[in-house]
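**Q**
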Amino acid sequence: MGLLALSVRYQLHSLAGVAAVQPRVAAITEAIRPHCDGIAVVSTCNRIEWYCDTGAPEDVTAEVAPIIAETDAKPAEALTGMDAVRHLFAVASGLDSRLVGEREISGQVRRALTEAREQGLASHLLTECFERALATSRKVAAETNLMAAGRSLANVGVRLALAAQPGNPEKSPKTLLIGTGALAASAGSALAAADIADVTVYSNAGRAATIADRFGWSVTDELAPAVVATELIVCCHGASAPLIGVDVLGAGQQVTVLDLSLPADSDPAIADLPGVQRFDLARVLEAVPAADGLQVDRARELVSAGVKDLAGRLRGRSMDSAIVAIRAWLAEVVADVSGGSEQDAEIARKVVAKLAHRPSILARRAAREGRADEFLRAVSTVTGVELKRDDRFDWVTD
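Here the sequence shown is numbered in my numbering, starting from 70 and rising by one per residue.
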């Protein structure tokens with residue numbers, strides 16, 4: 070048992086590297102399943118990360134390496150033990166994002182845990198790590214302004230695209246939003262915040278209404294005519310092949326294309342057409358404003374505290390088997406002096422629970438404070454029961 074994080078992200082692999090690995094996410098997840106007790110995949114427009122509960126990290130990385138080698142991407146970064154925990158907490162709190170404190174990332178981490186649960190891949194260790202990371206993310210949101218409204222890549226992109234609109238800057242452009250997933254929802258919120266009212270939503274899966282109804286917009290299931298009739302196209306689909314190409318745009322069409330997808334929904338060649346402006350994810354990332362240094366420092370303090378708290382909780386779990394043994398010993402002692410009736414048995418269960426409560430608390434406290442072995446030796450001396458802690462948590466440190 071231990072936490073392993075395998076990371077392919079824009080800081081180390083470039084957006085092109087992330088895009089190259091994206092189609093192989095399912096294959097990689099399936100390949101590593103036999104070596105893991107749990108897997109959660111955090112997949113965003115600029116990162117793909119596998120968080121694995123595994124006792125065989127070398128076997129996991131050995132499975133992943135040849136699949137990624139089939140692409141142009143560099144090998145995944147492997148982080149183990151507490152390094153993986155710290156990375157997860159930083160990711161969930163937005164500290165590892167290009168837009169520090171971006172508010173979407175906590176939702177993406179939460180979705181990764183939800184999907185792991187639905188697939189039966191959420192082990193106790195993964196669940197505890199993710200839940201504590203998300204709790205820390207909420208603290209960062211509450212105690213700093215890093216996750217304030219407006220801090221999202223979608224907002225940065227929409228502002229960038231609107232500033233590039235030709236003509237009257239006060240005029241709301243006729244807009245086409247492509248996609249219906251979490252990224253499209255974020256882009257929709259950004260458009261609504263910018264008072265863009267004339268928006269049509271397109272989905273090739275027939276789900277356009279899930280976004281359109283939320284904002285009171287129209288829908289279409291015909292892409293080509295919608296493209297020709299629009300002034301701003303916001304791409305959030307992530308198609309395997311570009312949806313917006315040179316052949317789709319109208320002759321001489323004046324249009325701005327904001328492509329937040331990875332892989333891109335638009336052909337880079339459209340930027341060479343007269344009247345077309347294209348902003349892809351790389352250009353949006355370049356436009357990200359710097360975060361307040363003091364707020365970042367405070368967020369890092371909260372993350373460090375959250376990691377320390379989780380470490381204590383995990384060390385406490387190393388005493389579970391010892392606590393079970395103590396309860397069993399107490400049950401034997403109480404059984405020797407109790408009667409044989411059903412009422413006596415119920416009283417005995419309550420007495421055991423009451424007697425075991427305090428030792429259980431003290432056992433976990435001793436583990437959190439690094440005194441597990443000392444505590445177990447003392448209790449073993451008194452009870453005569455051989456007690457051992459669970460060494461599966463030996464990797465846990467502050």
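For glycine and all other residues, C-beta sits at the position ideal for the given N, C-alpha and C. All figures in this text were calculated on a predicted structure; none of them were measured in a lab.
#1: Is the CB-CB distance between Ala210 and Gly375 below 8 Å?
#2: If we ignore side chains and look at the alpha-carbon of each, how far apart do Ala397 and Thr98 end up?
#3: When the distance is taken between beta carbons, is Ala254 closer than 8 Å to Ile280?
#4: Given 8 Å as the limit, is there contact between the segment 72–81 and the segment 138–153, that is, 3 or more CB pairs closer than that?
#5: Going by the DSSP bridge assignment, what does Asp334 pair with across the sheet?
#6: Can you tell which of Trp286, Ala277 and Asn273 has the C-alpha that lies nearest to the C-alpha of Leu260?
#7: Is the separation between the beta-carbon of Ile136 and that of Arg172 shorter than 8 Å?
#8: Write down the C-beta distance between Asp267 and Thr244 rounded to the nearest angstrom, noting that I regard them as a contact closer than 8 Å.
#9: What alpha helix (DSSP H) runs, 4 residues minimum, are completely inside the segment 209–279?
#10: Short check: CB of Arg384 to CB of Phe462, under 8 Å?
#11: How big is the Cα-Cα spacing for Leu301 and Val324?
#12: Leaving out the 5 sequence neighbours to the left and right, which residues in its chain are closer than 6 Å to Ile312 when beta-carbon positions are compared?
#13: Out of curiosity, what's the CA-to-CA distance linking Arg228 and Asp467?
#14: If you run the structure through DSSP and keep just helix, strand and coil, what is Thr289?
#15: Could you check the C-alpha separation between Leu360 and Gly170 for me, to the nearest Å?
#16: Are there three or more Cβ pairs, one per stretch, closer than 8 Å when the segment 291–307 is compared with the segment 315–329?
#17: Considering only C-alpha positions, which residue in the set Ala277, Gly189 and Ala233 is nearest to Leu246?
#18: In whole angstroms, what separates the C-alpha of Val87 from that of Asp141?
#19: Compute the minimum distance between the beta carbon of Gly257 and the heavy atoms of the ligand NAP, and state whether it is under 7 Å.
#20: Can you tell me the Cα-Cα spacing of Val403 and Ser192, whole angstroms?
#21: Could you give the distance in angstroms between the alpha-carbon of Ala125 and the alpha-carbon of Ala138?
#22: Please determine, among Arg102, Ala435, Ser241 and Arg116, the residue with the shortest C-alpha to C-alpha distance to Ala89.
#23: Does the distance from the C-beta atom of Ala185 to that of Gly71 stay below 8 Å?
#24: Report back the beta-carbon spacing between Leu75 and Val160 to the nearest angstrom; my notes put them in contact at under 8 Å.
#25: Would you say Ser221 and Val372 are within 8 Å of each other, going by their C-beta atoms?
#26: So what does DSSP say about Ser112, is it helix, strand or coil?
#27: On the DSSP bridge list, what partners appear for Leu148?
#28: Which residues mark the beginning and the end of the alpha helix (DSSP H) in which Leu301 is found?
#29: Return the Cβ separation of His104 and Val129 in integer angstroms, given the expectation that the two are a contact with Cβ distance under 8 Å.
**A** If we stick to the structure as given:
#1: Position 141 of the sequence shown, counted from the first residue, corresponds to residue 210. Position 306 of the sequence shown, counted from the first residue, corresponds to residue 375. The answer is no: Cβ separation not under 8 Å.
#2: Numbered from its first residue, the sequence shown carries residue 397 at position 328. Numbered from its first residue, the sequence shown carries residue 98 at position 29. Straight-line Cα distance between these residues: approximately 40 Å.
#3: For the purposes of this step, residue 280 is taken as the residue at position 211 of the sequence shown. For the purposes of this step, residue 254 is taken as the residue at position 185 of the sequence shown. For Ile280 and Ala254, yes; Cβs fall inside 8 Å.
#4: Enough Cβ pairs lie closer than 8 Å, so yes.
#5: The residue you call residue 334 lines up with position 265 of the sequence shown. Partner(s): none; Asp334 has no beta bridge.
#6: Translated into positions along the sequence shown, residue 260 becomes position 191. Of Trp286, Ala277 and Asn273, the residue nearest in Cα terms is Trp286.
#7: Position 67 of the sequence shown, counted from the first residue, corresponds to residue 136. Position 103 of the sequence shown, counted from the first residue, corresponds to residue 172. In this structure, Arg172 does not lie closer than 8 Å to Ile136 by Cβ.
#8: What you label residue 267 is simply residue 198 of the sequence shown in a count that begins at 1. What you label residue 244 is simply residue 175 of the sequence shown in a count that begins at 1. Your pair Asp267 and Thr244 checks out as a contact, with CB atoms roughly 6 Å apart and the cut at 8 Å.
#9: Secondary structure in the segment 209–279: the alpha helix (DSSP H) runs of 4 residues or longer, each lying completely within the stretch, are 222–232 and 251–262 in chain order.
#10: Here the question's residue 384 lines up with position 315 in the sequence shown. Here the question's residue 462 lines up with position 393 in the sequence shown. Contact flag set, yes.
#11: Residue numbering aside, residue 301 sits at position 232 when the sequence shown is read from its first letter. Residue numbering aside, residue 324 sits at position 255 when the sequence shown is read from its first letter. Taking the straight line from one Cα to the other gives about 6 Å.
#12: On the sequence shown, position 243 is the one that residue 312 refers to. Looking at the sequence itself, residue 312 is Leu, so the reference to Ile does not match. Cβ-Cβ distances below 6 Å link Leu312 to Asp334 in the same chain, with the five nearest sequence neighbours on each side left out; the list follows chain order.
#13: Residue 228 sits at position 159 when you count from the first residue of the sequence shown. Residue 467 sits at position 398 when you count from the first residue of the sequence shown. If you take the alpha carbons of Arg228 and Asp467, they lie about 42 Å apart.
#14: Along the sequence shown, read from residue 1 onward, the residue named residue 289 stands at position 220. The answer is strand: DSSP assigns Thr289 an E or B state.
#15: In the sequence shown, counting from the first residue as 1, residue 360 sits at position 291. In the sequence shown, counting from the first residue as 1, residue 170 sits at position 101. Note on identity: in this sequence residue 360 is Ala, with Leu being the wrong assignment. Straight through space, the alpha carbons of Gly170 and Ala360 are spaced by roughly 8 Å.
#16: The segment 291–307 makes contact with the segment 315–329; the number of CB pairs closer than 8 Å reaches 3 or more.
#17: Within the sequence shown, the letter at position 177 stands for residue 246. Among Ala277, Gly189 and Ala233, the Cα nearest to that of Leu246 belongs to Ala277.
#18: Here residue 87 refers to the residue found at position 18 of the sequence shown. Here residue 141 refers to the residue found at position 72 of the sequence shown. Going by the C-alpha atoms only, they are around 10 Å apart.
#19: For the ligand NAP, the structure offers nothing, since it holds no ligand at all.
#20: The sequence position of residue 403 within the sequence shown is 334, counting from 1. The sequence position of residue 192 within the sequence shown is 123, counting from 1. Those two C-alpha atoms are separated by around 35 Å.
#21: Translated into positions along the sequence shown, residue 125 becomes position 56. Translated into positions along the sequence shown, residue 138 becomes position 69. Each residue's Cα considered, the two are about 21 Å apart.
#22: For the purposes of this step, residue 89 is identified with residue 20 of the sequence shown, where counting begins at 1. When only C-alpha atoms are compared, the closest one is Arg116.
#23: In the sequence shown, residue 185 corresponds to position 116, counting from 1. In the sequence shown, residue 71 corresponds to position 2, counting from 1. The answer is no: Cβ separation not under 8 Å.
#24: Working through the sequence shown from its first residue, we reach residue 75 at position 6. Working through the sequence shown from its first residue, we reach residue 160 at position 91. Not quite, the Cβ-Cβ distance comes to about 13 Å (not below 8 Å), so this is no contact.
#25: Translated into positions along the sequence shown, residue 221 becomes position 152. Translated into positions along the sequence shown, residue 372 becomes position 303. Their beta carbons are not under 8 Å apart, which means Ser221 does not touch Val372 by this criterion.
#26: Looking up residue 112 in the sequence shown gives position 43. It is a strand residue.
#27: On the sequence shown, position 79 is the one that residue 148 refers to. Bridge pairing for Leu148: Ala74 [DSSP].
#28: Stepping through the sequence shown from its first residue, residue 301 is reached at position 232. First-last for Leu301: Leu301 to Cys304, but that is the beta strand (DSSP E), not the alpha helix (DSSP H).
#29: Against the sequence shown, residue 104 aligns to sequence position 35. Against the sequence shown, residue 129 aligns to sequence position 60. At roughly 5 Å, the Cβ-Cβ gap stays under 8 Å, so His104 and Val129 are in contact.
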